[in-house]
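Here the working numbering is used: the first residue of the sequence shown is 550, the next is one more, and so on.
Note that beta-carbon positions come from the ideal geometry of N, C-alpha and C, so glycine has one too.
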Amino acid sequence: KELPDNVDAVPNNTPKVFMRYSKGGLSDEELKLFTLEKINSNLKTVKGCIIFFVVLAVISAVLTTFGLVQVSSALHSAFSNIPPLFG
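(1) If you reduce the DSSP assignment to three classes, tell me which class G573 lands in.
(2) Here's the rule I'm using: 16 or more other beta-carbon atoms within 10 Å means buried, otherwise exposed. How should F583 be labelled?
(3) Rounded to whole angstroms, what is the Cα-Cα separation between V607 and I600?
(4) Given this structure, state the Cα-to-Cα distance separating E586 from V604, to the nearest angstrom.
(5) How long is the line joining the alpha carbons of G573 and L580, rounded to whole angstroms?
(6) List, from N- to C-terminal side, the alpha helix (DSSP H) runs of 4 residues or more that fit wholly inside the stretch 570-626.
As structure tokens, then:
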């Protein structure tokens, strides 16, 4: 049997339950609880990552948009002040 990544995923966080799990001595109900706990903790991690990346994407998009607007307006004003060199 595959051991859980972290002991925190064990229901009630008891070493006894963990030991029984590693020896394959848990009842079906306990095993279900154990698996659910593990899935929940993994989902929380995944959700956290997704939220982080979404926030990051939004921030970068906003910065890019505002950055481009500022740069283009700055360039526009700079070039409009220079007398036309060609023609």
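So, to answer that:
(1) coil
(2) buried
(3) Cα-Cα distance, rounded: 11 Å.
(4) One C-alpha to the other measures close to 27 Å.
(5) 9 Å
(6) List check, alpha helix (DSSP H) in window: nothing returned.
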